[in-house]
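Structure record follows, encoded as structure tokens.
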Amino acid sequence: MSQFWSPIVQTLTPYVPGEQPKLPGLIKLNTNENPYPPSPAVTAAMHTVTADSLRLYPDPDAAELKKTLAAYHDVQPDEIFVGNGSDEVLAFAFMALLKHSEPLLFADITYSFYPVYCKLFGIDYVEVPLNSAMEIDTADYEDRACGGIIFPNPNAPTGIPLPLAAIEALLIKQPNAVVVVDEAYVDFGGETAIPFINKYPNLLVIRTFSKSRSLAGLRVGFAMGHVKLIEALERVKNSFNSYPMDRLALAGAVASYGDEAYFQKTNAAIIDSREQMTAALEKLGFTVLPSAANFIFARHESYAAEQLAAGLRERAIIVRHFKHPRINQYLRISIGNPDECKMLIQTLTLLTSNH
Ligand code: PMP
-4 MSQFWSPIVQ TLTPYVPGEQ PKLPGLIKLN TNENPYPPSP AVTAAMHTVT
46 ADSLRLYPDP DAAELKKTLA AYHDVQPDEI FVGNGSDEVL AFAFMALLKH
96 SEPLLFADIT YSFYPVYCKL FGIDYVEVPL NSAMEIDTAD YEDRACGGII
146 FPNPNAPTGI PLPLAAIEAL LIKQPNAVVV VDEAYVDFGG ETAIPFINKY
196 PNLLVIRTFS KSRSLAGLRV GFAMGHVKLI EALERVKNSF NSYPMDRLAL
246 AGAVASYGDE AYFQKTNAAI IDSREQMTAA LEKLGFTVLP SAANFIFARH
296 ESYAAEQLAA GLRERAIIVR HFKHPRINQY LRISIGNPDE CKMLIQTLTL
346 LTSNH
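Using the numbering used here, the first residue of the sequence shown is number -4, and each one after it goes up by one.
Structure, rendered in structure tokens:
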């Protein structure tokens, strides 16, 4: 019955999310979730949400969450927009801020949701190639006519971070384009652009609770930027659904920011495991890109990535392999807990030992 589909839906290549396996017991290193549970303060706060309160709509302004985020990130509550995961926040940004007569610019190797949103919302875009070191070179974006620029920092799936000086130069060179910095992975070693918000009205920073806050299942994301950018996001959001988040998510998200020690501890553990995993993979002959994220992107000269991914899968470990021709020699491996990392290295040792 696809004749009922609108023309955009008929030609859309939808985003394909990483596998969420139904089988128990698999080592899941394919979608960059946090291997540690959220702070116990999060579940405690969610337990205080009463059944009676669930009768009532949540706060349409998410005022308490915005106040908490504002205090932590040293911005004003009206410089914050919250939503159900950063994918939703990104959707609002694409609709409200990135559709113009000039094309949107993003890297050829980046978060694969960006081209999907462009097609869905009818936005022209140009994919700018990464340089030969697989880095985003902001100089390639500085002198182009464009309707906006978006990139993750660190980039995904490479994990490579961008220095703040490069981002600032871009903000200065492109004062009439909104520059969206998707900081989904910034807490694992990147530098945040949040301090630039008060200086550059064309900057929007997007964050998620899914990675460093261990809350992918709660669906919380937010954006920070000049009040005029936030106002545009609110306009679009209110035209869909005036309640940005449910009561449980609001309670859990606020509590997460109340446990800084736990946040620091789990992030440090992941960074430590990443460094150990990188060294172990290099010993096995892999080339590992310099990651500042909770995943690494690695290739082996002698073994095809697709076969390695299949071999791991047969041994109950799932990693991500992309079929894109420029990166089909790479595996993207999320950082697990120490036991999971050990199993991964043992299994790859086995799979790369049959010369
Ligand atoms: N941005 C990037 C770069 C990502 O990798 C992801 C996770 N797939 C997201 C945004 C979306 O995260 P979420 O919707 O869980 O907040």
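Just so it is clear, CB atoms sit at the ideal spot from N, CA and C, and this is done for glycine as well.
Small disclaimer: the values here were computed from a predicted structure and weren't measured.
If we count the other Cβ atoms within 10 Å of its Cβ and call it buried at 16 or more, is residue i buried or exposed?
| i | result |
| --- | --- |
| asparagine 289 | buried |
| histidine 42 | exposed |
| glutamate 83 | buried |
| threonine 282 | exposed |
| phenylalanine -1 | exposed |
| tyrosine 52 | exposed |
| tyrosine 15 | Note that residue 15 is glutamine in the sequence shown, not tyrosine. Burial call: exposed. |
| lysine 232 | buried |
| proline 2 | exposed |
| arginine 50 | exposed |
| proline 149 | buried |
| alanine 299 | exposed |
| valine 37 | buried |
| glutamate 255 | exposed |
| isoleucine 104 | buried |
| glutamine 169 | buried |
| arginine 208 | buried |
| alanine 134 | exposed |
For residue i, which beta-bridge partners are listed by DSSP?
| i | result |
| --- | --- |
| arginine 202 | Phe217 |
| threonine 282 | Arg294 |
| glycine 331 | Glycine 331 pairs with nothing; no bridge assigned. |
| isoleucine 145 | Val175 |
| lysine 23 | Ile313 |
| alanine 102 | Val123 |
| tyrosine 325 | Arg294 |
| glycine 78 | Gly216 |
Shortest alpha-carbon distance to residue i belongs to which of the options?
| i | options | result |
| --- | --- | --- |
| glutamate 301 | Ala287, Leu284, Ser286, His319 | His319 |
| glutamate 309 | Ser297, Ala287, Leu339 | Leu339 |
| alanine 40 | Cys336, Ser(-3), Asn236, Val249 | Val249 |
| threonine 26 | Gln324, Ile312, Thr342 | Ile312 |
| valine 215 | Glu270, Ala65, Phe204, Arg208 | Phe204 |
| glycine 185 | Val231, Asn262, Asp56 | Asn262 |
| glycine 247 | Glu277, Pro2, Leu213 | Leu213 |
| valine 314 | Ser329, Arg321, Gln324 | Ser329 |
| isoleucine 75 | Thr38, Gly143, Lys61 | Lys61 |
| leucine 124 | Phe101, Ile144, Tyr67, Leu245 | The question names leucine, yet the displayed sequence has proline at residue 124. If we check each option's Cα against that of proline 124, Phe101 comes out closest. |
| aspartate 73 | Glu229, Arg327, Thr45 | Glu229 |
| tryptophan 174 | Val121, Leu93, Tyr252, Ala244 | At residue 174 the sequence reads valine, which differs from the tryptophan that was named. That would be Leu93, whose Cα lies nearest to the Cα of valine 174. |
| isoleucine 118 | Ile144, Ile104, Pro285, Ala304 | Ile144 |
| alanine 66 | Tyr252, Phe89, Asn171 | Tyr252 |
| glycine 331 | Glu28, Val11, Ser(-3), Leu18 | Glu28 |
| lysine 223 | Ser234, Asn197, Met90, Asp56 | Asn197 |
| arginine 139 | Phe116, Ala172, Leu345, Ile131 | Ala172 |
| glutamine 324 | Leu284, Pro190, Thr344 | Leu284 |
| proline 12 | Arg294, Leu346, Leu115, Phe317 | Phe317 |
| glycine 154 | Leu166, Ile167, Tyr136, Val181 | Val181 |
| serine 297 | Ile189, Thr273, Leu346 | Leu346 |
| isoleucine 291 | Ala274, Phe258, Ser81, Leu307 | Ala274 |
| leucine 115 | Leu210, His95, Glu137, Ala86 | Ala86 |
| glycine 80 | Leu245, Ala305, Gly280 | Leu245 |
| glutamate 163 | Leu303, Lys194, Ala128, Tyr106 | Lys194 |
Tell me whether residue i counts as near the ligand PMP, meaning its Cβ is closer than 7 Å to at least one heavy atom of that ligand.
| i | result |
| --- | --- |
| serine 209 | no |
| serine 81 | yes |
| aspartate 241 | no |
| serine 205 | yes |
| glycine 185 | no |
| aspartate 177 | yes |
| proline 53 | no |
| tyrosine 106 | yes |
| glycine 143 | no |
| asparagine 27 | yes |
| glycine 212 | no |
| alanine 36 | no |
| proline 147 | yes |
| glycine 154 | no |
| glycine 216 | yes |
| alanine 151 | yes |
(message) Closer than 8 Å is the cut-off here; do at least three beta carbon pairs connect the stretch 3 to 19 with the stretch 94 to 112?
(response) yes
(request) Would you check if there are 3 or more beta carbon pairs closer than 8 Å linking the stretch 144 to 162 to the stretch 236 to 247? (result) no
(request) Take every Cβ of the stretch 194 to 201, pair it with every Cβ of the stretch 209 to 229, and state whether three or more of those distances are shorter than 8 Å. (result) yes
(request) Flag this pair as touching only if the stretch 269 to 278 and the stretch 322 to 337 have three or more C-beta atom pairs under 8 Å; answer yes or no. (result) yes
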